[in-house]
Amino acid sequence: MQAGGLATLHHTIQQMSARELRLLVVVIAPPDASDAESSYNFLKQPAEQAGGSLIVAKGMDDIVKQKAQRIEKAVYQLAMAFYGDEEKRYRKVRPQRQNAPLPDWMTAALQVRVNFKLGFLSEIRRDTRGALKSYIKAYEQLIHESEMADLVERIALCGRITIRMYQLYLQSHDVKAAVHHCRIHTATLRGCCGGHADRLVVWRKWHWLAVNHQLFAELLESVAQQLPNLVDQSDMWQFPGFHYQSAASYVGQLKRWAHEFREDGQLPLSEVEGAPAGGALTVSPFVGQSEMLERPSETPDSAMEVTLRHAHKQAGEMHSDRCLQLLARAQAACKERGYLAGATACSARMAEEYLGEGNLASAGRLHERLRQSTKHEEGNASDARPLWSGLDRFALERALFCKCNELGIEKPAVCSQSRLPPPLSPSPGDTDQAGLDADASHGRSERLIRDTFEYLSLVSGPETEQKELMDTARSAASKLVGTAPLSVPLDAVEADLERQPGSLVVRLRSRLTVPVELGSAVAVTSNGEVKLTEDTARETQLMPGQDVELSGVCTTAFPLHISAIHATWAAVPQVTFQIRDVHARSSAKSLPAFCPPSLASAARCFPRKPVQVEGSPTDMPAPSLRAEVFHPLDPNDAFRAEHFLLHVLVFCLPQASARLWLSCGVSGDGDDVSPQNCVSLLRRSGENCDPAHEALDLLPFVESSKLGNAVATWADGELKLADTALALPSEDLAEGPFVCGKEETAFLIPVVVKFSTGNKAFIDFQLHCSEGESEEATVSLSVQQVTLHLRPALHVAVDEVTLSAGPGRPCALKKCTIRSLASVPFRLRSVEFGPGAEPKGVIDIDAQAERRPRKPALGTPERLAPKAIHAFVLPRHEALDPSDRLHVSFDRDDLTVDKLFPWRSAGRLLATWTPPSAIVGCPLFVDKPVLERAALEVNVEHESTGTVAHPTEVRVCLRRTASNVQEFKITVLPESAAAADKFMLSGATNTQSIMLAGELSQTCLTFLLVPLQPGRVNVPRVQVSSGQQEVTSAQT
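Quick note: UniProt numbering has the sequence shown finishing at residue 1036, numbered continuously throughout.
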């Protein structure tokens, strides 16, 4: 330790000797050091020989409490000695220079130095205005007096002054002044380097501009986060995203300069015996000056050698990462403000950066995302912009450029039609990886073919360009030899469908600018594929702007769902085009699909093998199955503990022998969420009774097999329903909202769900169809997911009340308050108290036999209007157990059979059924916390210093540990007559305050203290009392 300390001290003394500095050595020893003075006495002699002194302290507390005045005195003595020596030196030099005035550059340099020091000292005095005035004078002198120093030193000093001015302006909440100086500094930097003669220094210009904009953007972000109202959103110079984009642009200029001078011979360096001439670079002792060589005599021009080294270092750096980071921050700022155009421009520039670095995969993904966001924004009429089509074209050209490079295909000329691509520097190993990864090559070929046809649908260019693009698509398709067939979406072609007796007619219309020959074509329908042909030719010629009519045989009697048209490319049969823009023309003979937007439904159709049914024609189409979900009540207004009714409607065609199963999945944020606990089916239990008097109950949803619950069975073409399903005649569905197709049979599966806890629940239904008696599913159908938003219906509270039954005869009762939290009316069925916990699940409707029966509360259960409050009283009951609970049973008051079952047959059958009542509860006995006498504390807060005749605010803060309601009396204690002459008080000195339950701290009193004399002033103490507690503040 001694050797290291001496070495550091000698090195410091050596640096001081060249700069006329003074030395003060302060050693901070560990607080537990026994003899710190003698331990560090070896530093005293070198420090005194250098004209300094040594101070040893034990920890920071020792410096603050004991050594602070000594350090201050030592600094003062060293400063006086320094200025005394300076005065003696000037007196010796002055007679020699009486006839030789100082040059102008030296005078200007001294003025800059003086203004800089004045600004620094003004900041210490917290004189912001004086500091800014001094900094502005120094900045202007550095700009205009170009002879006082070289360019690098002047601009470096201007940058340091600018940083302080930014901070001072923003601390003073003057954002406009900070922006004004930012404009001035930007203009200064843009004009500092110009012409070809400064080609070795011009990189500093772009570097300084980028740093300036990035720094100002970060400062603006901090201001916007703390005080957003200070930022004027109409001024683009006050937007951080603008400065981040500007910084990225200047980094791009720096990157282009580095790319230009990176070649061999552009930046020659001097060498001596294979090593750089002049040695290593050393840091200059003065701020702003450039570095120096260790051995400048080895080079003819040391300054030029230093400049060459800096330029060579900048040319060897990669600036893309910094540019990408700035663009990402600019994009985030644009998204925060909602500037879609700015965010899109940042995405395009980021894609260009990736492309310039040879990262083709990332560039391609960004261009794809750019096109998707462009389409999304074009669809919004409020954000219509005339340049989105040009941006889409640019993104397509760049996508073609990336895919051609990845696949090794010659790039078409249109790739550089909008803008020349940046110089490409491919990453090592990209080409080999493209050749080895067959799946990646397959995906790139698919995207290249798709983008090529999309570009042809947007741009109508010369015939040579179109031919070149088609050759590019064929070249990409040729790389698919020996691989799986390729499906390419062809969005530039739309199809119109028309059903005719026994046939299906499709009309194709192309928006492409080139003809395309199609091979075989099929229509993908819900009942299989229908082959389409053209009567006139073997191959279909799809001409631009002309309709091509294709037809196919289709004898299906019920409505078909046609999802897409698939057609092969005649030039490359391995490529299949997917035409997804399919429109169905209206026909009087076809059954229109009816699906109102207010009902959540899911209709799925799927093909199966043809099944021969006795008495049916031999060409009977494949049977189909579809399902709908109907909500009698709004699922967004479901309540906890309520029995919520859902209907699953099934439409099917006759089959020879099959069985239909229903399965259910439940998820949510509540407790014990499972189909067995939360889902049940409505079951008919009286098969021999009259249907009008048939008994109904709830059956827990316990899956009887791995496929679920059996709900229907086909036997010899006849449908037999389980006791959990209800048949729906077609005439009941004629009025909507669901339509039953020809030869279809419809039936209904009522489902009841209940969730006692949680805020949201999700229910998924699935239908499974199995052949014959087998329990192996051949076809599964997923029905749309049902989402229930659960809310509390009632708030139940139990309070203690004491009534007087006569003189000296108090009577303790319990009061029950029921508050409605919903916007719909409820009907209270019962309010009881007794044993039993709050029920869970939907199955336990009848209360189980218990040892003690429940007792009703005093009061009449009746209709509970929305937001209303009803009160009940629980009589005295000596047999109450601490585990007893209050049970409130209720249901909706606006439910009717027509609302729950809008179909006639189901309504007649279920006319006597109503959902079971919901039950909520709360405990009757609540353990009350024992109030303990808590601690009380009073503090007096104020500034540590003040000014005579200027008021100082004094705040009385009260803190406690209790949480009950408490009242306090606050009194400012009077001082002696001698102390009263030193200050005056203004404001309340005697008041009362109250702290509510749960409030632990409060500023209960504020008054002003005006000092009348300089010196130390004792603030009056404050006394606070509450009941038997009394505390007094400490002396401050």
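All C-beta atoms, glycine included, are put in the ideal place defined by N, C-alpha and C.
Since we're looking at a predicted model, the values are computed, not measured.
Segments of 4+ residues assigned as alpha helix (DSSP H) that fall wholly inside the segment 858–917: 897–900 and 904–909
Which one or two residues does DSSP pair with I71 in a beta bridge? Answer is none; I71 lacks a bridge partner.
Distance, Cα to Cα, M60 vs G946? Straight-line spacing of the CA atoms in M60 and G946 works out to 26 Å.
What's the call for E517, buried or exposed, on a 16-neighbour Cβ count within 10 Å? E517 comes out exposed.
Start-to-end residues for the beta strand (DSSP E) that takes in L721: Segment E718 to L721, the beta strand (DSSP E) holding L721.
Would you tell me roughly how many angstroms separate the C-alpha atoms of S1033 and I163, rounded to the nearest one? 45 Å
Verify whether the separation of the beta carbon atoms of S1001 and I970 is less than 8 Å. For the pair S1001 and I970, the CB atoms are not nearer than the 8 Å cut-off.
Beta carbon of V548 nearer than 8 Å to that of T540: Less than 8 Å separates the beta-carbon of V548 from that of T540.
Could you have a look at H631 and say whether DSSP puts it in helix, strand or coil? coil
To the nearest angstrom, report how far apart L858 and P916 are at their CA atoms. 24 Å
Assess contact between the segment 9–28 and the segment 45–65, defined as three or more Cβ pairs (one per stretch) separated by less than 8 Å. Is contact present? Touching, yes.
Between the Cα of H795 and the Cα atoms of F738, R640 and C769, which residue gives the shortest distance? R640
Return helix, strand or coil for C678, following the three-state DSSP convention. helix
From this set, L696, A178, T1006 and L327, which residue's C-alpha is nearest T344's C-alpha? L327
Pairs of beta-carbons, one from the segment 709–729 and one from the segment 656–671, closer than 8 Å: are there three or more? Judged by Cβ distances under 8 Å, the segment 709–729 makes contact with the segment 656–671, as three or more pairs qualify.
Does any residue of chain B have a CB that is nearer than 8 Å to the CB of A962? Absent from the structure is chain B; it holds one protein chain and no more.
Coarse secondary structure for E953, derived from DSSP in three states: Residue state, collapsed to three classes: strand.
Starting from N115, trace the alpha helix (DSSP H) both ways and give me its first and last residue. Secondary structure note for N115: its alpha helix (DSSP H) is the uninterrupted segment D104 to I124.
In the structure shown, what three-state DSSP assignment does P825 receive? coil
For Q1028, the nearest candidate out of V1019, V493, F968 and T989 (CA to CA): F968
Nearest residue (CA-CA) to N964, options V948, T991, M995 and V940: Taking each of V948, T991, M995 and V940 in turn and checking the Cα distance to N964, the smallest one comes out for M995.
Along the chain, which unbroken stretches of the alpha helix (DSSP H) at least 4 residues long are found entirely within the segment 187–267? 202–226 and 240–260
Can you list, in chain order, the residues of its chain with a C-beta nearer than 6 Å to that of V572? Leave out the 5 residues immediately preceding and following it. A477
For A149, which of helix, strand or coil comes out of DSSP? coil
Would you give the residue range spanned by the alpha helix (DSSP H) that I136 belongs to? Its alpha helix (DSSP H) spans residues T128 to H144.
If you draw a straight line from the alpha carbon of D893 to that of T991, how long is it in whole angstroms? 54 Å
When you compare the CB positions of T128 and L170, do they come within less than 8 Å of one another, or not? no
Can you find the residues in the same chain that come closer than 7 Å, C-beta to C-beta, to R863, ignoring five residues on each side of it along the sequence? P825, R827 and D893
Spell out a yes or no on whether the segment 224–231 and the segment 291–308 are touching, meaning 3 or more CB-CB pairs, one atom from each, closer than 8 Å. no
Would DSSP call K815 helix, strand or coil? Correct three-state label for K815: strand.
Residue range of the alpha helix (DSSP H) that C346 falls in? L340 to G356
Contacts around L324, its chain only, beta-carbon distance under 7 Å, and the 5 residues preceding and following it disregarded: M350 and E353
What residue from A248, C193, D232 and A177 has the CA that sits closest to F212's CA? Reading the sequence as shown, one finds Asn at residue 212 and not Phe. Cα-wise, what sits closest to N212 is A248.
What residue range is occupied by the uninterrupted beta strand (DSSP E) comprising E517? V516 to T525
Let me know the secondary structure DSSP gives K531 once reduced to three states. In this structure, K531 counts as strand in the three-state DSSP scheme.
Looking at Y244 and Q214, is the spacing between their C-beta atoms short of 8 Å? yes
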